[in-house]
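In the numbering used here, the protein residues as written are 20 to 386. Glycine included, C-beta positions come from ideal geometry on N, C-alpha and C. Quick caveat, the model's predicted, so the values are computed rather than measured.
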C-alpha cells in the first residue's frame, strides 16, 4: 500500500493497483524513461454482455485538464457507451468518485473507438472509431465509422463529423479515405483500412492508418498518416476536401532491429514542442510490445520519425501492446495498453479482465 501511495496522484485516479520507478531521463531531445507501470480498473469485476464477461480493452485516452477520458474498443452493456471519465479537482485526482460513463446516443451507436485528440486550444475533444468495416446495402455496421466531438466540459453536447450534417455516423467520409489510399493493387480505392491514430493541430486533423489491404484477414501493417484541413463553424467541425497522405513510413528501414509486423497505434500532437508523439505496436504468437517515437512536420513530410530512447541509448520499449497516449503535462505522457484478452503480467501482478495496463513516461524537458 505504501508503494501505491507514493505514486503520482494523477494516476491514482485510474484505480491504480501497482507501480514501479526507474531512473530519470537525461537531456537528449528524444529521450525518456518509464517511471511507473501497473494496471488500472475500468469497471466492476464480473460485468457481462450477452452472457459473456466484458474485458477492458482500453484503446483511447485523453486528459482535458479536469477529467481523464478512457475508451474501450468493445461495446458496453446497457445504456452506457464505451467511454468513461474520472474527475480531477484542484489539480489533483479525485478518487472519491467512481467512473462516469457517457450515454450519449451518438457515442452509444459508435463502436470500436481507437483514439482521442484534444484541440491545441483545449476547447474540443475528438474521438475516432476504427473505420475497419462496413456492410454494403445496410447501415448495420455504420457505427464502426464515426468521428465524434464535444466542447470540453460538455460531454452531453456530442456531434458527429459528416458530409451532410444529418447522418448519425461518419460513413460519408469512407469514400474519400478509400480513394486517397488507392494503390497499384487497388487503383479504384482501398477496400479495407483501419484507423488507430488521431491528432489535431491548429488547422489540420491527422489520422493514423495501421492496416490496409483487401479485407480484415488479408492486409499489410502500416505506419501511415493522412491529413485534412478543418474549421469550426458555430461549434460545428467542418472538414475540407484536401485529404492527403502526409507520411508513409517503413519501419523496417527506420529501425530494422525492431520486431516485424508492427503498425501505428496512436499519434498525438504536442503544441508545446510543435511535434508529434507516435506509438507503434505489435502482437504475434501471444507476444506483445510497443515503441514510442517523435517527429516534427518536416520529418513526417519525409516519412521519417525518431525512436524515443532511454538514457543508455536503447529504444524505450513497452512490454504491452501500446495503444494510445496523452500529455498529462509538458513532460509527462500517460500510455494506455490494449492487451486484448491476454492475461499479461506487470511487476508480478496478473491482469484481471476488468483491468488494463498503463505506463507513465517522463520526457526530457521541452526546449
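In this chain, the alpha helix (DSSP H) harbouring residue 127 covers 124-128.
When C-alpha distances from residue 371 are compared across 380, 379 and 361, the shortest belongs to 361. At the C-beta level, residue 308 and residue 262 stay beyond 8 Å of one another. DSSP places residue 316 in no beta strand (DSSP E) but in the uninterrupted alpha helix (DSSP H) bounded by 316-320. Taking the CA atoms as reference points, residue 146 sits about 13 Å from residue 83.
For residue 162, the closest C-alpha among the options 302, 234, 267 and 127 is that of 127. Note on residue 158: under 16 other CB atoms within 10 angstroms of its CB, so exposed under the neighbour-count rule. At the C-beta level, residue 244 and residue 279 stay beyond 8 Å of one another.
Under the three-state reduction of DSSP output, residue 352 falls in the strand class. Assigned with DSSP and collapsed to three states, residue 172 falls in coil, not helix or strand. Using a C-beta cut-off of 8 Å, the segment 208-222 makes no contact with the segment 171-189, since fewer than three inter-stretch Cβ pairs fall below that distance.
If you draw a 10 Å sphere on the C-beta of residue 313, you find 16 or more other C-beta atoms in it, and that means buried. For residue 178, the beta-bridge partners assigned by DSSP are 168. The segment 45-83 contains, as complete beta strand (DSSP E) runs of 3+ residues, the segments 51-60 and 77-82 (chain order).
Residue 206 and residue 56 have their C-alpha atoms some 45 Å from each other.
In the three-state reduction of the DSSP assignment, residue 156 falls in the coil class. Across the structure, residue 253 and residue 135 are spaced so that their CA atoms are roughly 22 Å apart. When 91, 233, 96 and 242 are compared, the shortest CA-CA separation from residue 225 is found for 242. Nearest neighbour of residue 240 by Cα position, chosen from 195, 375 and 211, turns out to be 211. DSSP, reduced to helix, strand and coil, places residue 300 within a strand of the structure shown. Comparing C-alpha distances from residue 304 to each of 343, 268, 354 and 358 shows the shortest one belongs to 358.
Distance between residue 72 and residue 149, taken at the CA atoms: about 23 Å.
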